[in-house]
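> Going by mature numbering (1 follows the signal peptide of the UniProt record, and there is no 0), the letters in the sequence shown line up with residues -26 to -1, 1 to 399, in that order. Here a beta-carbon is modelled for each residue, glycine too, at the ideal position from N, C-alpha and C. The structure's right below; bear with me while I get my questions together.
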Amino acid sequence: MPRVATPSTPALMLLPLLGLALSVGACNRLADSDFEGFGDIGAEEEGEGLEGENPGSGGEISESCWDGIPQPGEYCQVQAPDLDSGIDPCSLSVADFDDDGRPDLAVPNSNWLLPPGSAHVNNVLRGYGNGDFAPTQAYDAGAELPVGLAAGDFDGDGDLDIATANNEANAAFLSFNEGGMDFGQASQTSVGAVASSISAGDIDNDGVDDLVVTTPSGVALIQNGPGGAEWMTTLDVGGAAMHAELVDMDHDGRLDMLVAVMDSFGDDDYVRIYHGFGDGSFPEWVDHPLSGNPWWVVPGDLNMDGDLDLVTADYGSNVVSILLGNGQGGFSERTEIDVCAGPQSVAVGDMNNDGANDIVVGCMDGDEVQMWLQIEGGEFELTRWWATGLQPVSVQLADLNLDGALDVAWANQYSNTVGMALSHP
């Protein structure tokens, strides 16, 4: 039977319309080695999945699927075979790196057990536009343990480049795309602390994407120009910054910053919303308390009022938290959805083409990805769930097979694969 939650509402569909940065996340082992109080491994959901899906997947798809015509209210996401991704992917980015109109995938090689002298690389899978991808192509990631990966135009040439947060190097690395998915040798910018995740967006309105790198003590802001990294500043967020997003929350045309902040003792967690001034500075902020161990934060218009709301994955309490925004920096009281064990990442989008945004969450302790559709009254119903490889992280939504409906992708960190649930309207 599906489970119904009664918190808030839906989410966003087209990320470029929001000026949202292409971003990704934090490696599982990173926070586990730096902090205490994480949850235990939970049980997987059980249900009747469709033929070809992993045992433990469940929920039905719409009866009208497979006719090639997307219908309002129709959800047709079916799990596809996993893709080989290289060693230990703990981050995932979806972007069109070769500018052919078809989405590609990129993951970092995050294995910290590689012997000295081994190559530390980013693996890119070129998309065919039908939900299938070419084998990985490896590109220089600069240094040890790239754990976060973001795509953006960091030199203003119109091609999407790759940036990584490299844990052991305490640095971010830029790999510039010379056209056609030809990435050069990575260049380094020190962030002065353990780097855990990375996001991209133009914080100073100069037409070139900049970077936000999270660390155990705050965030590092790297402002890029036509030649690459030009300026780096740091912000103390009062705890461990787990994940950050750049998005215009207050309709002023300037990117603001959302940061999921974890207290090392687990009793003072919050999301911090920084107001961006459009010049690379974030002098004003407000904090909103969260449940245990927030690992991820994303924006999305959940109640369809034109203002962005916030959704967080709270790892330690096995919930997704929702805060409704008023478009002026204010938010409602937090509501929660009880989800699978150890939610690490969350994504927001209209999964059934009904005009209301839904929630997809990846749970690395339960080895499961869940899709919660919004139903009447601002409630969410668990509609589909997929058993995954080991430790699913960095859930992303995109139209991978170009059929007009959103698909789901995630990285299976300890299975060395990328998982997908592709829509078949």
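Run the CB neighbour count on residue 315, radius 10 Å, all protein chains shown included, and call it buried at 16 or more, exposed below.
With 16 or more other Cβ atoms within 10 Å, it is buried.
> Along the beta strand (DSSP E) that carries residue 360, what are the first and last residues, could you check?
Run containing residue 360: 353 to 361, per the beta strand (DSSP E) assignment.
> Would you mind giving the Cβ-Cβ distance between residue 141 and residue 170, rounded to the nearest angstrom? I have them listed as a contact below 8 Å.
The pair is a contact, with the Cβ atoms about 7 Å apart (cut-off 8 Å).
> Contact check, residue 378 vs residue 386 under 8 Å by CB: the rounded distance?
Not confirmed; about 27 Å, so no contact.
> Rounding to the nearest angstrom, what Cα-Cα distance links residue 246 and residue 127 in this structure?
Their Cα atoms are separated by approximately 26 Å.
> Span of the beta strand (DSSP E) holding residue 172?
That run of the beta strand (DSSP E) goes 171 to 175.
> Can you round the beta-carbon distance between residue 201 and residue 129 to whole angstroms, since I take them to be within the 8 Å contact cut?
Indeed they touch by this definition, with Cβ atoms about 7 Å apart.
> On the three-state DSSP scale, how would you describe residue 388?
Reduced to three states, the DSSP call for residue 388 is coil.
> What distance in whole Å lies between the Cβ atoms of residue 64 and residue 399, which are believed to be in contact at a cut-off of 8 Å?
Actually they are not in contact, since the Cβ atoms of residue 399 and residue 64 sit about 32 Å apart, beyond 8 Å.
> Spatial neighbours of residue 257 within its chain, please: CB distance less than 8 Å, with the 5 preceding and 5 following residues excluded, ordered by chain position.
So the qualifying residues of the chain are 249, 251.
> Using only alpha-carbon positions, find the residue among 115, 150, 121 that is nearest to residue 131.
If we check each option's Cα against that of residue 131, 150 comes out closest.
> Under 8 Å, do residue 125 and residue 80 count as touching if we go by C-beta distance?
A contact, by the Cβ cut-off of 8 Å.
> Report all residues from its chain with a CB closer than 6 Å to the CB of residue 187; omit the five preceding and five following residues, and keep chain order.
Closer than 6 Å at Cβ, skipping near neighbours: 139, 146, 165, 169, 172, 194.
> Straight-line CA distance for residue 191 to residue 144?
Approximately 12 Å, taken between the alpha carbons.
> Determine the DSSP secondary structure at residue 398, reduced to helix, strand or coil.
Residue 398 falls in the coil class under three-state DSSP.
> Check whether the stretch 262 to 276 touches the stretch 227 to 238, taking contact to mean three or more Cβ pairs, one atom from each stretch, closer than 8 Å.
Counting Cβ pairs under 8 Å, three or more are found: they touch.
> Along the chain, where does the beta strand (DSSP E) that runs through residue 164 open and close?
That run of the beta strand (DSSP E) goes 161 to 164.
> What three-state label does DSSP hand residue 37 in the structure shown?
Note: residue 37 maps to coil in three-state DSSP.
> Measure the CB-CB distance between residue 445 and residue 101 and report whether it falls below 8 Å.
No information on residue 445 is available, as it lies outside the stretch -26 to 399 that the chain covers here.
> Considering residue 130, what are the terminal residues of the beta strand (DSSP E) in which it resides?
Residue 130 -> no beta strand (DSSP E), and no H or E assigned at all.
> Whose CA, out of 312, 123, 99, 372, lies closest to the CA of residue 356?
Answer by Cα proximity: 312.
> Kindly indicate which three-state DSSP category residue 219 falls into: helix, strand or coil?
Looking at residue 219 - three-state DSSP - the assignment turns out to be strand.
> What does a CB cutoff of less than 6 Å around residue 223 pick up in its chain, not counting 5 residues either side in sequence?
Once the five neighbours on either side are set aside, the close Cβ partners of residue 223 are 230, 282.
> Do residue 324 and residue 276 have their CB atoms nearer than 8 Å?
It is not a contact, given that the beta carbons lie outside the stated cut-off.
> For the beta strand (DSSP E) containing residue 332, name the first residue and the last one.
Looking at the DSSP string, the run of the beta strand (DSSP E) that includes residue 332 is 332 to 337.
> When you compare each of 122, 30, 33 to residue 66 by their alpha carbons, which one comes out closest?
Minimum Cα distance to residue 66 is reached at 122.
> Is residue 118 helix, strand or coil by DSSP?
The answer is coil: DSSP assigns residue 118 none of H, G, I, E or B.
> With a floor of 4 residues, list each alpha helix (DSSP H) that falls wholly inside the stretch 231 to 262, ordered by position along the chain.
Those alpha helix (DSSP H) runs which fall completely within the stretch 231 to 262 and span 4+ residues do not exist here.
> What separation, rounded to the nearest whole angstrom, lies between the Cα atoms of residue 76 and residue 372?
Approximately 11 Å between the Cα atoms of the pair.
> Does DSSP put residue 290 in a helix, in a strand, or in coil?
In the structure shown, residue 290 sits in a helix (DSSP, three-state: H, G or I).
> Can you tell me which of the three DSSP states residue 350 falls into?
Of the three classes helix, strand and coil, the one that applies to residue 350 here is helix, per DSSP.
> Distance, Cα to Cα, residue 29 vs residue 196?
Distance between the alpha carbons of residue 29 and residue 196: 44 Å.
> What does the alpha-carbon distance come out to for the pair residue 205 and residue 120?
Cα to Cα, residue 205 sits roughly 21 Å from residue 120.
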